Structures are given as structure tokens and as C-alpha cells.
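Everything in the sequence shown is counted per this note's numbering, starting at 122 for the first residue and increasing by one.
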Amino acid sequence: MFYQVKVLDKEGKLKKVISSNELSKRYWNAFFDDSNGDSKPKATAQQTRKKKKELEFYFDNYCSAN
Numbered sequence: 122m123f124y125q126v127k128v129l130d131k132e133g134k135l136k137k138v139i140s141s142n143e144l145s146k147r148y149w150n151a152f153f154d155d156s157n158g159d160s161k162p163k164a165t166a167q168q169t170r171k172k173k174k175e176l177e178f179y180f181d182n183y184c185s186a187n
């Protein structure tokens, strides 16, 4: 549930009023909108195993030499 919002300018005068329905529409559109690119796809199991092998190789060859 969203409540009506009143937007004021720096002098405290009413600039605009955003209705409950408009706030609800904005929220759900942003929630389901995948075009913004914020969500990052998860790595597959194969990609995770490959990265783990690369890190193990690096550790075995470079970090343990010191």
C-alpha cells in the first residue's frame, strides 16, 4: 500500500502531488523492468568450477613459491 506523496520546493510550497495509484504503478514497473541492467546474471556451475581451477592454479604456482 502506498500513500499519496506531496512534493514541496525549497520554500515549502506545494510543487506536485503523486497519487497512490501512480506510486504503485511506478514501483511495479520498476520491479518487473529488466531493461535497466541492474540485475546481474548468475554464473553457471561450469563457470564457477573453471574460475576455481584458475584460482587454484594461480595459488599453487605463484603464492606458494614465496
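The beta-carbon is built from N, C-alpha and C at its ideal position, and this holds for glycine as well. Values in this document were obtained by computation on a predicted structure and should not be read as measured data.
| query | result |
| --- | --- |
| Length of the line joining the Cα atoms of Asp-130 and Asn-150 | 26 Å |
| Of the residues Lys-127, Glu-132 and Lys-163, the one placed nearest Glu-143, counting alpha carbons only | Lys-127 |
| Reduced DSSP category for Lys-134 - H, G, I as helix; E, B as strand; rest coil | coil |
| Expected contact under 8 Å - CB spacing of Gln-125 and Ser-145 to nearest Å | Contact flag wrong, Cβ pair sits at about 11 Å. |
| Inter-residue spacing [alpha-carbon to alpha-carbon] between Glu-132 and Val-138 | 16 Å |
| Local conformation of Lys-127 per DSSP, three classes | strand |
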